[in-house]
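Report on the structure given below.
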Amino acid sequence: MSVFWALCRQHMVLAWRGGHTTLAVAFLFIGVTLMPFGLGPELALLQALAPGLLWVVLVMTLLTSLDRVFQADYEDGSLDQMMLMPLPLEFVVLAKLLGHYIALVVPLLLAVPLAGLLLNLAPAHLPMLLLAMAAGSPALVLLGGIGASLAVSVRRGGLLTVLLSLPFYVPVMIFGAGATQQALAGEIDATRLAILCLFSLASLLAAPVAMAAALRNAVR
Amino acid sequence: MTENTMPKPQKKFLPVPYAKPADLQLAGVACTRGMRRLFEGVSFRLKAGDGLALYGPNGSGKTSLLRQIAGFLPLAAGTLSIADKAPYGVHFMGHADALKNALSVGETLAFEAALWGAPKAKDPLLDTDRWLTHLGLEGRAWQAVGDLSAGQRRRLALAKLCLAPRPIWLLDEPMTALDEAGRHLVNALAGAHLAAGGVLVASSHVPLDFTTDALTLGAAA
Amino acid sequence: MWKALENISAFYANPTRFMNLAARLHAPLWGLALCVLAYGLFRALTVPEDYQQGETVKIMFVHVPAAWMALFGYSFIFAASVTALIFRHPLGHVAARAAAPIGATFTLIALVTGSLWGQPMWGTWWVWDARLTSMLVLLFIYLGYIAIWQAIDEPTRAARTAALLAVVGFINVPIVKFSVDWWNTLHQPASVSRLARPALHADFLYPLLIMGVGFLLLFFALTLTRMQMEILRQKLRTRRMLGQ
Chain A
1 MSVFWALCRQ
11 HMVLAWRGGH
21 TTLAVAFLFI
31 GVTLMPFGLG
41 PELALLQALA
51 PGLLWVVLVM
61 TLLTSLDRVF
71 QADYEDGSLD
81 QMMLMPLPLE
91 FVVLAKLLGH
101 YIALVVPLLL
111 AVPLAGLLLN
121 LAPAHLPMLL
131 LAMAAGSPAL
141 VLLGGIGASL
151 AVSVRRGGLL
161 TVLLSLPFYV
171 PVMIFGAGAT
181 QQALAGEIDA
191 TRLAILCLFS
201 LASLLAAPVA
211 MAAALRNAVR
Chain B
221 MTENTMPKPQ
231 KKFLPVPYAK
241 PADLQLAGVA
251 CTRGMRRLFE
261 GVSFRLKAGD
271 GLALYGPNGS
281 GKTSLLRQIA
291 GFLPLAAGTL
301 SIADKAPYGV
311 HFMGHADALK
321 NALSVGETLA
331 FEAALWGAPK
341 AKDPLLDTDR
351 WLTHLGLEGR
361 AWQAVGDLSA
371 GQRRRLALAK
381 LCLAPRPIWL
391 LDEPMTALDE
401 AGRHLVNALA
411 GAHLAAGGVL
421 VASSHVPLDF
431 TTDALTLGAA
441 A
Chain C
442 MWKALENISA
452 FYANPTRFMN
462 LAARLHAPLW
472 GLALCVLAYG
482 LFRALTVPED
492 YQQGETVKIM
502 FVHVPAAWMA
512 LFGYSFIFAA
522 SVTALIFRHP
532 LGHVAARAAA
542 PIGATFTLIA
552 LVTGSLWGQP
562 MWGTWWVWDA
572 RLTSMLVLLF
582 IYLGYIAIWQ
592 AIDEPTRAAR
602 TAALLAVVGF
612 INVPIVKFSV
622 DWWNTLHQPA
632 SVSRLARPAL
642 HADFLYPLLI
652 MGVGFLLLFF
662 ALTLTRMQME
672 ILRQKLRTRR
682 MLGQ
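Protein chains in written order, with the working numbering: chain A, 1 to 220; chain B, 221 to 441; chain C, 442 to 685.
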């Protein structure tokens with residue numbers, strides 16, 4: 001068990017030190033800032049679109065950050081070592097993704113309210129938005145991890161990771177962004193949240209197996 | 221070193237003998253990379269205390285054979301058996317040193333100890349200094365790994381071999397980038413490992429002192 | 442029966458034997474495919490006019506079978522990948538790789554014909570109708586699969602990675618379909634009508650099925666041809682590598 005937490009901590013330390021956290025949060029804000037330039041500064045319009053826009057920018061930020069999760073290890077030989085550690089590869093993958101989640105996704109979720117401010121997000125929508133994002137983000141990280149692990153042996157495989165992960169993201173985004181659209185002020189859309197949690201749970205069970213298979217294939 | 225005998229293991233390196241003596245056997249192993257057959261019919265048996273040196277020209281499949289034993293690469297033919305294999309009984313040291321540039325040397329040691337399941341030390345700081353001295357990296361605990369020279373990185377990569385004892389060592393060109401002191405270190409570590417009942421397979425372009433047997437790949441091609 | 446199938450597939454795992462079989466099947470398969478398609482088109486074009494949608498409904502005879510083939514194509518890739526990964530049949534990778542661009546093209550045809558069909562009704566060239574949206578996501582799934590073959594240099598590793606993607610991605614297809622359907626029913630503005638399928642009485646059903654069969658035969662003919670091309674390409678590569 002301590003091997004699991006050591007891996008998790010190592011990934012977090014590397015993410016913080018490498019500036020990935022700052023970069024991701026900055027990317028979130030930059031993405032959100034681009035929206036008014038594209039859509040016009042009219043606040044009413046931005047407010048109507050804000051939850052969806054925030055979901056899109058969050059997804060894009062996650063996708064661009066995920067391709068480095070395994071690639072750095074593949075390049076410096078750590079992937080070989082991970083296969084020999086006293087922990088099954090599936091759990092190694094989970095440990096790294098948990099580290100990624102704590103180091104990157106949690107700060108992103110904390111930054112969303114601020115970013116929402118830029119888009120004039122209605123305060124009433126914020127709780128539902130955050131709940132939906134919190135429920136769906138494990139699925140996003142795990143499913144994106146599948147794309148990242150398939151593309152790990154490709155140098156500059158960032159775009160490939162995005163292309164491979166996007167079809168998996170469509171269902172999560174439909175329910176995630178939809179949760180905010182439909183919810184009235186302060187109301188919790190339980191069905192959608194439940195489905196998001198279901199996606200996250202299912203990904204938690206299935207994705208590590210797929211990722212481990214892809215990584216074993218890359219190491220050959 | 222001019223002697224041909226294995227260097228006597230120094231006291232400070234003497235590990236506790238491995239509980240289950242290692243036993244590694246290959247029979248008729250072949251390897252295919254892409255569409256080329258690299259080698260076939262490789263057979264040997266290593267019992268506790270045996271060290272095999274792998275020689276051969278570039279591209280003859282030395283690294284591939286090591287990766288097959290480690291389990292990364294499947295066997296194209298033949299069998300590989302490791303007697304009494306506790307799961308995770310292999311250490312693999314490849315060309316890539318698997319070090320993270322952003323970490324300091326001390327942190328690397330701490331993480332390696334945790335990742336490989338090394339027994340917890342009573343006083344971690346004291347332990348770090350001890351290991352650094354063993355590895356010849358005294359006083360570099362706070363130095364970033366990215367600032368180390370190639371030889372120093374190789375020394376640090378040896379850390380996991382010391383921290384977590386495992387009966388089978390697979391070393392891919394262990395003498396690369398090491399100065400004379402570094403080569404002494406590898407000889408001493410390997411000698412202690414074999415004395416404790418482990419086995420090792422090491423590929424190399426230069427003759428190795430700590431091995432008891434040799435196999436040359438690509439010779440019959 | 443399983444044993445017989447196993448023996449047959451093992452027999453044809455040898456590329457040379459497969460090529461012999463393929464050479465014998467090539468002409469008849471193409472001939473049959475083109476004949477069925479010709480007949481199907483004839484039946485489709487002579488179907489009585491639909492009072493609601495007039496002539497444009499005839500696009501359905503291309504759109505619907507193309508959509509069927511788009512889904513069938515990915516199922517074929519999944520089955521071939523499973524055969525290659527789990528049963529270690531060497532032709533599985535070849536078959537999957539060969540079928541991918543064909544399935545992708547059928548998806549594209551389904552999208553374009555769907556857009557053409559709907560344009561007179563909607564007034565625009567695209568709506569986020571449930572079926573069209575699912576087809577679009579399916580197109581990206583195909584593109585991702587093809588991208589792996591192109592991105593990874595080493596052929597054996599590319600083959601295994603692509604097969605893994607196909608197997609893992611297959612479960613996603615029904616999930617996407619379900620999600621998009623739900624998403625669409627909630628967002629449906631009243632003014633936009635969906636691609637209404639006319640009531641399928643016999644006049645429409647039979648030509649549709651014939652076109653479906655024709656497209657299926659076309660799919661297999663194209664895939665077989667591409668498999669032959671791929672095997673020849675591999676032979677050429679091996680010869681070059683051995684310096685012949």
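Where is the CB? At the ideal position from N, CA and C, for every residue including glycine.
Assigned exposure category for residue i - 16 Cβ within 10 Å defines buried
{"i": "Glu393/B", "result": "buried"}
{"i": "Leu327/B", "result": "Looking at the sequence itself, residue 327/B is Glu, so the reference to Leu does not match. Answer is buried; the Cβ neighbour count reaches 16."}
{"i": "Met407/B", "result": "The sequence given here has Asn at residue 407/B, not Met. Answer is buried; the Cβ neighbour count reaches 16."}
{"i": "Asp433/B", "result": "exposed"}
{"i": "Lys277/B", "result": "Note on identity: in this sequence residue 277/B is Pro, with Lys being the wrong assignment. The residue in question, Pro277/B, is exposed, as its Cβ has fewer than 16 Cβ neighbours within 10 Å."}
{"i": "Gln591/C", "result": "exposed"}
{"i": "Lys676/C", "result": "exposed"}
{"i": "Ala377/B", "result": "buried"}
{"i": "Phe37/A", "result": "exposed"}
{"i": "Gly254/B", "result": "exposed"}
{"i": "Met442/C", "result": "exposed"}
{"i": "Thr457/C", "result": "exposed"}
{"i": "Trp351/B", "result": "buried"}
Separation of residue j from residue i, as counted between CA atoms
{"i": "Glu42/A", "j": "Gln71/A", "result": "41 Å"}
{"i": "Arg667/C", "j": "Gly544/C", "result": "12 Å"}
{"i": "Leu512/C", "j": "Ala250/B", "result": "41 Å"}
{"i": "Val56/A", "j": "Val172/A", "result": "11 Å"}
{"i": "Gly587/C", "j": "Phe581/C", "result": "Reading off the sequence shown, one finds Ile at residue 587/C, where the question assumed Gly. Approximately 10 Å, taken between the alpha carbons."}
{"i": "Asp594/C", "j": "Val608/C", "result": "21 Å"}
{"i": "Val59/A", "j": "Ala603/C", "result": "24 Å"}
{"i": "Pro427/B", "j": "Leu532/C", "result": "45 Å"}
{"i": "Leu486/C", "j": "Leu470/C", "result": "24 Å"}
{"i": "Asp76/A", "j": "Val3/A", "result": "20 Å"}
{"i": "Arg220/A", "j": "Arg156/A", "result": "20 Å"}
{"i": "Ala212/A", "j": "Glu90/A", "result": "5 Å"}
{"i": "Thr524/C", "j": "Ala451/C", "result": "11 Å"}
{"i": "Ala273/B", "j": "Leu405/B", "result": "17 Å"}
{"i": "Arg601/C", "j": "Ala537/C", "result": "11 Å"}
{"i": "Ala441/B", "j": "Phe519/C", "result": "Caution is warranted here: a pLDDT of 41 is assigned to Ala441/B, below 50, making its placement in the model unreliable, and the coordinate value is therefore given only provisionally. Distance between the alpha carbons of Ala441/B and Phe519/C is about 41 Å."}
{"i": "Leu108/A", "j": "Leu193/A", "result": "19 Å"}
{"i": "Tyr74/A", "j": "Val93/A", "result": "13 Å"}
Proximal residues of chain C, C-beta to C-beta of residue i below 8 Å
{"i": "Ser78/A", "result": "Chain C residues near Ser78/A: none, gap ~19 Å exceeds 8 Å."}
Contact list for residue i against chain B, beta-carbon separation under 8 Å
{"i": "Ala6/A", "result": "Phe331, Ala334 and Leu335"}
Residue i: contacting residues in chain A (beta-carbon distance under 8 Å)
{"i": "Ala379/B", "result": "Simply none; closest approach about 12 Å."}
{"i": "Leu409/B", "result": "The contacting residues do not exist; Leu409/B stays about 18 Å from chain A at best."}
{"i": "Phe519/C", "result": "By Cβ distance, chain A contributes nothing, its closest Cβ being about 14 Å from Phe519/C, past 8 Å."}
Interface residues of chain A facing residue i [CB-CB closer than 7 Å]
{"i": "Gly314/B", "result": "Gly77 and Asp80"}
{"i": "Asn613/C", "result": "Pro167 and Phe168"}
{"i": "Val609/C", "result": "Ile146 and Ala210"}
Residues that residue i contacts on chain A, provided the C-beta gap is smaller than 9 Å
{"i": "Val310/B", "result": "Leu84"}
Amino acids of chain C, ordered along the chain, whose beta-carbon sits closer than 7 Å to that of residue i
{"i": "Ser153/A", "result": "Ile593 and Arg598"}
Partners in chain B for residue i, counting only beta-carbon separations shorter than 9 Å
{"i": "Met510/C", "result": "Chain B residues near Met510/C: none, gap ~33 Å exceeds 9 Å."}
{"i": "Ser137/A", "result": "Here the premise fails: no neighbours, minimum Cβ distance about 25 Å."}
{"i": "Thr679/C", "result": "Met255"}
Meets three-Cβ-pair contact criterion under 8 Å: the stretch 282-297 of chain B and the stretch 450-467 of chain C: no
Chain B contacts made by the stretch 47-78 of chain A, where a contact means CB separation under 9 Å: Ala72, Asp73, Glu75, Asp76, Gly77 and Ser78
Residues within the stretch 85-96 of chain A neighbouring chain C, beta-carbon criterion of under 8 Å: none
The stretch 365-381 of chain B in contact with the stretch 277-292 of chain B per 3-pair CB rule at 8 Å: no
Cβ-based contacts, 8 Å cut-off: residues of the stretch 238-265 of chain B near chain C: Gly254, Met255 and Arg256
Interfacial residues, the stretch 18-47 of chain A to chain B, with Cβ spacing under 9 Å: Gly18
Touch test, the stretch 133-143 of chain A against the stretch 98-112 of chain A, Cβ-Cβ under 8 Å, three pairs minimum: yes
Meets three-Cβ-pair contact criterion under 8 Å: the stretch 110-124 of chain A and the stretch 33-50 of chain A: yes
Contacting positions in the stretch 156-167 of chain A - beta carbon closer than 9 Å to chain C: Gly157, Leu159, Leu160, Leu163, Leu164, Ser165, Leu166 and Pro167
The stretch 651-659 of chain C / the stretch 499-515 of chain C touching (three or more Cβ pairs under 8 Å): The answer is yes - the stretch 499-515 of chain C touches the stretch 651-659 of chain C, with three or more Cβ pairs under 8 Å.
Interface residues of the stretch 589-601 of chain C facing chain B [CB-CB below 7 Å]: Glu595 and Thr597
Selection of the stretch 274-305 of chain B by Cβ proximity to chain A, strictly under 9 Å: Taking 9 Å as the Cβ-Cβ cut-off against chain A, the residues of the stretch 274-305 of chain B that qualify are Arg287, Ala290, Gly291, Phe292, Leu293 and Pro294.
Contacting positions in the stretch 521-540 of chain C - beta carbon closer than 7 Å to chain A: none
Cβ contact (3+ pairs, closer than 8 Å) linking the stretch 413-431 of chain B and the stretch 379-390 of chain B: yes
Under 8 Å (Cβ pairs) to chain B, residues found in the stretch 445-464 of chain C: none
Cβ contact (3+ pairs, closer than 8 Å) linking the stretch 609-617 of chain C and the stretch 553-568 of chain C: no
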